[in-house]
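Quick note: the sequence shown uses this note's numbering, first residue 889, plus one each step. Cβ coordinates follow ideal geometry from the N, Cα and C atoms, glycine included. All of these numbers come straight from a predicted model, not from anything done at the bench. Reviewing the structure listed below.
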Amino acid sequence: MLTPHEALIYLMVITSASDRDMTDVELARIGDVVRSWPVFIDFNQDRLVEVAQACQKALHDKDGLEGVLARAAEALSERLRDTAYAAAFEVAAVDLEMRMEEVRVLQLIRLKLDLDTLTVAAIARAAKARLRTLT
């Protein structure tokens, strides 16, 4: 069973890896989220790479993506599910373009975490507003 911290990281990693190209910008955003979001206040940041590698390994297991999603959902209480989706969306949106693979993974996460449409729309809107630039 994953810890809630591990589940949050797994969802960010699978979002980044969805298009088979984990960019430096996406990896940096995962690190930023782990360093700055209050939900990670008691997470040992030295474990980030280890957890990310464990996720990548789990994606190659028999159950693959579906197994990772199920394990992550199981580890997250209902009150952390919108936070988990927000973290995953943050990684997908950081490069200001969302590929179809990322959209699909976000849909799978939303369904697995049983998030309503209004919550998902609010998270997306907030992330886009936060990441907007002047040019």
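### CB of L1019 within 8 angstroms of CB of Y973, strictly
Against a cut-off of 8 angstroms, the Cβ pair of Y973 and L1019 comes out as no contact.
### Task
Would you check if the distance between the CB atom of T891 and the CB atom of V979 is smaller than 8 angstroms?
Not in contact: T891 and V979 (Cβ atoms no closer than 8 angstroms).
### Task
With V982 as the anchor, note down where its alpha helix (DSSP H) starts and where it stops.
Run containing V982: none; DSSP gives neither H nor E here.
### Message
Considering only their Cβ atoms, is the gap separating L899 from A960 smaller than 8 angstroms?
### Response
Cβ distance < 8 angstroms, so A960 and L899 count as in contact.
### Query
Assuming V956 and L947 make a contact with CB atoms under 8 angstroms, what is their CB distance in whole Å?
Distance from V956 to L947 at the Cβ level is roughly 6 angstroms; contact confirmed, criterion being Cβ atoms closer than 8 angstroms.
### Message
Rounded to the nearest angstrom, what separates S965 and A940 at their Cα positions?
### Response
Linking S965 to A940 through their CA atoms gives a straight-line distance of about 21 angstroms.
### Message
Closest to T911 by C-alpha separation, out of E990, L994 and I929, would be which residue?
### Response
The shortest Cα separation from T911 among E990, L994 and I929 belongs to E990.
### Task
Count the other CB atoms, across all protein chains shown, that sit within 10 Å of the CB of E914; report buried if there are 16 or more and exposed otherwise.
Counting Cβ neighbours within 10 Å, E914 comes out buried, since at least 16 surround it.
### Beta-carbon contacts of D907 that lie in its chain and below 7 angstroms, excluding the five residues immediately before and after
R987, E989 and E990.
### Message
Taking a contact to mean a Cβ-Cβ separation below 8 angstroms, would you say E894 touches A976 in this structure?
### Response
No; because the gap between Cβ atoms is not below 8 angstroms, this pair is not in contact.
### Query
Can you give the beta carbon distance from V901 to Q944, rounded, assuming they're within the 8 angstroms contact cut?
With a Cβ gap of about 7 angstroms, V901 and Q944 count as contacting.
### Query
Can you tell me whether R917 is buried or exposed, with buried defined as 16 or more other CB within 10 angstroms of its CB?
Its Cβ being crowded by 16 or more others within 10 Å, R917 is buried.
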